[in-house]
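Protein chains in written order, with numbering that gives the first Met the number 0: chain Z, 0 to 150; chain P, 0 to 82. Written below as structure tokens is the structure these notes are about.
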Amino acid sequence: MAVRVQTEDFDVGAAIDAMTRGATGIGSLASFVGLMRDHAGGAAVSAMTLEHYPGMTEKMLGDIEAEARRRWPLIDCLIVHRYGRLAPGDRIVLVLTAAAHREPALAACQFLIDWLKTKAPFWKQEETAAGARWVEARAEDDAAADRWRRD
Amino acid sequence: MKLRYFAWLRAKTGIAAEQVALPDGVGDVEQLVRWLIARGPGYAEVFRERGAVRVAVNFDYVGFDHPVRDEDEVAFFPPVTGG
């Protein structure tokens, strides 16, 4: 189980190598990489600053990962999320899930990014020609997370 | 207790964190919010639209009816936008 919250970039290939090296029971590995877009709502975005709540962020990501492991037979799992100032094209978040077969790896990967987006305490502030603005939560993200709800 | 504010809420309160003694008569988040609103216009503005504010006590999401104690860390912030 691994969760990392950091300002520095991450190497996707190195992370995959580290997860699979010697772990020959893994037959499938799914990955999600979130990148900073250069536009939002019809406006050009020149940079973005990600703020988070140290302590709660790690706890929430750990809780989300534990929930994924309860739901699917994962062999390994990694969440890396950056904070601080980012430029268009920069990597923001990495989710890796490894399992014996593809179904649990793919489903858990999508679950993790969907839940992370609505539960992990990160906030984005975009810089545009009109000034800085806080990104607002999207109803589509709530709907995506709700698909995984079990009442 | 420790109070923390994030994102645009922090811009309204003017501070990221503060240490306050549990005020008399405050036993839950709702009562704490009412006490904060009475402290000044910045706080009142934060809580004007209650539905736009999320609350965490000791790193877990809670509702406005959740109890608060003097040793708690209580955070107020807008809906999250990571990922």
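Glycine included, each C-beta is placed from N, C-alpha and C at the ideal position.
- In the structure shown, Phe-58(P) falls within a coil segment according to DSSP collapsed to helix, strand and coil.
- When DSSP states are grouped into helix, strand and coil, Gly-83(Z) belongs to the strand group.
- In the DSSP annotation of this structure, the continuous segment of the beta strand (DSSP E) that includes Glu-17(P) starts and ends at 16-18.
- Boundaries of the beta strand (DSSP E) harbouring Arg-90(Z): 90-98, taken from the DSSP string.
- DSSP lists Gln-124(Z) as the bridge partner or partners of Trp-133(Z).
- Contacts with chain P at 9 angstroms (Cβ-Cβ) do not include Ala-14(Z).
- By the neighbour-count criterion, in which 16 or more other beta carbons inside 10 Å mark a residue as buried, Pro-103(Z) falls on the buried side.
- Around the beta carbon of Lys-116(Z), a 10 Å sphere encloses 16 or more other beta carbons of the protein chains shown; the residue is thus reported as buried.
- For Glu-48(P), the three-state secondary structure derived from DSSP is coil.
- Taking CB atoms only, Val-67(P) has no neighbour in chain Z less than 9 angstroms away.
- For a cut-off of 8 angstroms, the C-beta gap from Ser-27(Z) to His-100(Z) is around 6 angstroms, short enough to register as a contact.
- For Asp-59(P), a Cβ of chain Z is located within less than 9 angstroms of the residue's own Cβ.
- Excluding its 5 nearest sequence neighbours in each direction, Met-59(Z) has C-beta neighbours in its own chain below 6 angstroms: Lys-118, Ala-119, listed in chain order.
- Setting aside the 5 residues that flank it on each side, Lys-1(P) is surrounded in the same chain by Gln-18, Glu-72, each with a C-beta closer than 6 angstroms to its C-beta; the list follows chain order.
- Of all C-beta pairs linking the segment 14-30 of chain Z to the segment 69-77 of chain Z, three or more are shorter than 8 angstroms, placing the two stretches in contact.
- Rounded to the nearest whole angstrom, the C-alpha separation of Tyr-82(Z) and Trp-147(Z) is 26 angstroms.
- Minimum Cα-Cα distance from Ala-74(P) among the listed residues Val-54(P), Phe-63(P), Gly-81(P), Pro-66(P) corresponds to Val-54(P).
- Cβ-Cβ distances below 8 angstroms link Ala-129(Z) to Ala-42 in the same chain, with the five nearest sequence neighbours on each side left out; the list follows chain order.
- At least one CB of chain Z lies nearer than 9 angstroms to the CB of Val-79(P).
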